[in-house]
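Here the structure comes first, spelled out in structure tokens, and everything after it is commentary.
Protein chains: 2
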Amino acid sequence: MDHENYSKLVLVIRNDLKMGKGKVAAQCGHASVGAYRLAVKRPNVLKAWEACGQTKITLKCDSEEQMMELHQTAKAIGLISHVVRDAGQTQVAPGSKTVCAIGPGPADQIDQITGHLKLY
Amino acid sequence: MDHENYSKLVLVIRNDLKMGKGKVAAQCGHASVGAYRLAVKRPNVLKAWEACGQTKITLKCDSEEQMMELHQTAKAIGLISHVVRDAGQTQVAPGSKTVCAIGPGPADQIDQITGHLKLY
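Chains as they are written, first to last, in my numbering: chain U, 12 to 131; chain L, 12 to 131.
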């Protein structure tokens, strides 16, 4: 498969919130559905991602500021990006931004923005 | 909100596979999108779940056998249920069944099937 055409979704997780593993998993569920709903409006993007097995990669960041900067940069270059705001009934304050889904989209573009982040 | 009408999605995670937290989060992303896609075909179910903030709960089970039994029982009573089979490029054998999403659907029905499971 041509790397330039490879499609993926990255889930950037707020590591500073110290969420439990089940909480993180549920937030990544929210983020994935949010990204999927945006992708439905771009059939070619969705098709490419499905052809790549709906690849999902979990990465970590250290602050809300850093996450929002990634979100804005992603949107500025035309990528799908979706931030999850948690209802905050457990573990985090209401309205906390917990995970940012960037993509689905071309791996090379996503790597430009998130390539420096470590795997979660 | 009436408990009987409360809608949720549970993500039943194979605890015996000893997946890392990032792996589990990505698998729950797959499971959530899979369940969402099935829910799109049942607009009333989807609407109810969205009205409840797309509640997602992570639970754990101890074997593939137990997970598949939950999946079959859920389907038998008419609930949405979706099992994730992992491509197995990391951590687990190819084709491993990692997470079962049950719902979205009425909390009382889902609790009948999964109420005995512990939170992940």
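Glycine included, every Cβ here is placed at the ideal spot set by N, Cα and C. Here the structure is a predicted model, which means the values were calculated and not measured.
Q: Indicate the three-state DSSP secondary structure (helix, strand or coil) for Gln-38/L in the structure shown.
A: Start at 1 with the first residue of the second sequence, and residue 38/L comes out as number 27. For Gln-38/L, the secondary structure class from DSSP, reduced to helix, strand or coil, is helix.
**Q.** Close Cβ partners of Lys-67/U (< 7 Å) along its chain, the five nearest in sequence each way excluded
**A.** The residue you call residue 67/U lines up with position 56 of the first sequence. The answer, listed in chain order, is Leu-20, Leu-22 and Ser-43.
(Q) Can you pull out the residues from the segment 54–67 of chain L whose beta carbon lies closer than 8 Å to at least one beta carbon of chain U? (A) For the segment 54–67 of chain L, which is checked against every Cβ of chain U, the residues closer than 8 Å are Gly-64, Gln-65 and Lys-67.
Q. Out of Leu-28/L, Asn-16/L and Leu-128/L, which has the shortest C-alpha to C-alpha gap to Gly-8/L?
A. Shown here, chain L extends from 12 to 131; a query on residue 8/L therefore has no answer.
Q | Under 9 Å between C-beta atoms of Gly-45/L and Gln-102/L | A | Locating residue 45/L in the second sequence gives position 34, where the first residue counts as 1. Locating residue 102/L in the second sequence gives position 91, where the first residue counts as 1. No, the Cβ-Cβ distance between Gly-45/L and Gln-102/L is not below 9 Å.
Q) Using a beta-carbon distance below 9 Å, is Gln-38/L in contact with chain U? A) In the second sequence, the residue the question calls residue 38/L occupies position 27. Output row for Gln-38/L: interface = yes.
Q. Cα separation between Ser-74/L and Leu-81/L?
A. For this step, residue 74/L is matched to residue 63 along the second sequence. For this step, residue 81/L is matched to residue 70 along the second sequence. Roughly 11 Å separates the two Cα atoms.
Q) Going straight from the alpha carbon of Ile-121/L to that of Ala-85/L, what length do you get? A) By 1-based counting over the second sequence, the position of residue 121/L is 110. By 1-based counting over the second sequence, the position of residue 85/L is 74. Distance between Ile-121/L and Ala-85/L, taken at the CA atoms: about 8 Å.
(Q) Which same chain residues end up closer than 8 Å to Leu-130/U when comparing Cβ atoms and leaving out the 5 residues on each side of it in sequence? (A) One-based indexing of the first sequence puts residue 130/U at position 119. Ile-68, Thr-69, Leu-70 and Lys-71.
**Q.** Helix, strand or coil at Pro-105/L according to DSSP, with G and I counted as helix
**A.** Position 94 of the second sequence, counted from the first residue, corresponds to residue 105/L. Coil at Pro-105/L, not helix or strand.
Q. How would you list, in chain order, the residues of chain U whose beta-carbon sits under 7 Å from the beta-carbon of Leu-81/L?
A. In the second sequence, the residue the question calls residue 81/L occupies position 70. Those within 7 Å of Leu-81/L in chain U number zero; the least Cβ separation is about 17 Å.
Q.
I'd like the span of the alpha helix (DSSP H) that includes Val-51/L, first residue to last.
A. Your numbering for residue 51/L matches position 40 in the second sequence. First-last for Val-51/L: undefined, no H or E at that position.
Q. Closer than 9 Å, CB to CB, is Gly-33/U near chain L or not?
A. Walking along the first sequence from the start, residue 33/U turns up at place 22. Put simply, the CB of Gly-33/U is near chain L, with a gap under 9 Å to one of its CB atoms.
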